[in-house]
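Asker: Before we start, here is the structure in question, set down as structure tokens.
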Amino acid sequence: MKLYTFKILLLFIFGVQISMAQALTDQEEAAIINVQKDIVGKLTGHVPIKGKKKLASRATPSERRITADYLSNYIKGIGLKPQKNNYNVQDKKGNTYNGNNIYTEIPATNGSDEYVVLTAHYDTAKGSPGAVHNATGVALALYVAEELTKLQERKVNFIVVFFDQQETNMIGCRMFVQKLKEDKYNVSSMHRADYVGWDNDEDRAIELLSSNISLESAYRLESGVPVFKRRVSTPESKIFSKLGYETITITAELMNGDNSPYVRQAEDKYTTVNFRYLASTSYIVYKVMKSFANKVY
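Right, dumping it as structure tokens:
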């Protein structure tokens, strides 16, 4: 009887997922793609990011500063206030790390003190243009940030943050999470986007690594595409969870091998990005963020 009830519940959830999920129209998808092609193009050196300057990667201090400035200006351009979380720290071995996390806050309209955090890292491995990993995550977060500003009502606050030096022992992530704790932000959940530009089988599937069933369910209900759950943890998730944050990671279909083979390589270029998949995944994440703004979940 218990097994029968469980199967009925699964069928109900699946039916609700299909009925609630709204697909992108061709016009909406084209608009998102147009914006995100420009972002990814500039971040990967496909087109100049400033004047005639093209980025080879986002790994050196100078390249990361240029990227940080670009992100700050973009945030300002969509009507938000860019902020910098600067850090200068040493590890136990005496290695020094300097960097800048770029973030912005999108305030609640009802005076709430609750925060939902959306993150993506902006740096790359040395010599890699970092298109799928992780210019796509940055483009997703920028799109969602702009769409959230258009909501008439937001019952929670949002922070959209771009981590520096993720490829260097996740220093940027560690420093920003520490800042959230020290400044006593009331964070209800953190959402991380990475590897969201590859879809070889064109099924638009996403993969989730979630710290609780509630966050996972929110994405399943809003997706309308195949959703897989990863069975392993990530270092970033461990950092978030260790300090008490509920967290979820949104990626491509890694567990089934549907991910870019060029990650952290020179071939991780703009031309390898599946922009329709990026637009689809961006829209899913926006719908989830909108549901939190409306306090649906």
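Using the working numbering, the letters of the sequence shown correspond one by one to residues 1480 to 1776.
Ideal placement from N, C-alpha and C gives every residue a C-beta, glycine not left out.
The structure presented is a predicted model; accordingly, all values stated were derived computationally and were not measured.
Along the chain, where does the beta strand (DSSP E) that runs through K1563 open and close?
Answerer: Q1562 to Q1569
Asker: Go to L1522, then tell me how far its alpha helix (DSSP H) extends in each direction, as first and last residue.
Answerer: D1505 to L1522
Asker: Just reading off the alpha helix (DSSP H) that M1768 is part of, what are its end residues?
Answerer: F1754 to A1772
Asker: Which one of K1717, E1715, T1726 and V1675 has the shortest CA to CA distance from S1689?
Answerer: T1726
Asker: What is the rounded straight-line gap between the Cα of Y1594 and the Cα of V1617?
Answerer: Distance between the alpha carbons of Y1594 and V1617 is about 20 Å.
Asker: Here's the rule: buried if 16 or more other CB atoms are within 10 angstroms of the residue's CB, otherwise exposed. What is K1748?
Answerer: buried
Asker: DSSP puts I1581 in a beta bridge; with which residues?
Answerer: Residue pairing from DSSP places I1581 in a beta bridge opposite K1563 and F1641.
Asker: Counting beta carbon pairs with one atom in the stretch 1576–1583 and one in the stretch 1546–1566, are three or more of them shorter than 8 Å?
Answerer: yes
Asker: Assuming K1634 and K1774 form a contact by the criterion Cβ under 8 Å, report the distance between their Cβ atoms to the nearest whole angstrom.
Answerer: 5 Å
Asker: Kindly indicate the opening and closing residues of the beta strand (DSSP E) around L1688.
Answerer: I1685 to S1689
Asker: Give the straight-line distance between the Cα atoms of Y1756 and Q1644, rounded to the nearest whole angstrom.
Answerer: Rounded to the nearest angstrom, the two C-alpha atoms are 26 Å apart.
Asker: For the 8 Å Cβ check, are there 3 or more pairs between the stretch 1663–1671 and the stretch 1583–1590?
Answerer: no
Asker: If you count every other CB in all the chains shown that lies within 10 Å of the CB of S1693, and 16 or more means buried, which is it?
Answerer: The residue in question, S1693, is exposed, as its Cβ has fewer than 16 Cβ neighbours within 10 Å.
Asker: Indicate the three-state DSSP secondary structure (helix, strand or coil) for V1775 in the structure shown.
Answerer: coil
Asker: Under three-state DSSP, which class holds Y1549?
Answerer: helix
Asker: Excluding five sequence neighbours on each side, which residues of the same chain lie with their C-beta closer than 7 Å to the C-beta of S1720?
Answerer: S1690 and T1726
Asker: Just mark A1772 as buried or exposed, buried being the case when its beta carbon has 16 or more other beta carbons within 10 Å.
Answerer: buried
Asker: Going by DSSP in three states, V1526 sits in which element: helix, strand or coil?
Answerer: coil
Asker: In whole angstroms, what is the alpha-carbon distance linking C1652 and F1707?
Answerer: 25 Å
Asker: Tell me the rounded alpha-carbon separation between V1640 and D1680.
Answerer: 30 Å
Asker: How should R1710 be labelled, buried or exposed, when 16 other C-beta atoms within 10 angstroms of its C-beta is the threshold for buried?
Answerer: exposed
Asker: In the stretch 1669–1728, which residue ranges form an unbroken beta strand (DSSP E) of at least 3 residues, counting only runs that do not cross its ends?
Answerer: 1685–1689 and 1706–1708
Asker: Near A1547, which residues of its chain fall below 6 Å by C-beta distance, leaving aside the five closest residues on each side in sequence?
Answerer: Closer than 6 Å at the Cβ level, and outside the excluded window around A1547, lie N1579 and I1581.
Asker: In chain order, what residues of the same chain have a beta carbon less than 7 Å from the beta carbon of D1517, not counting five sequence neighbours either side?
Answerer: none
Asker: With 9 Å as the threshold, decide whether the Cβ of L1597 is near any Cβ in chain C.
Answerer: No chain C appears in this structure, which consists of one protein chain only.
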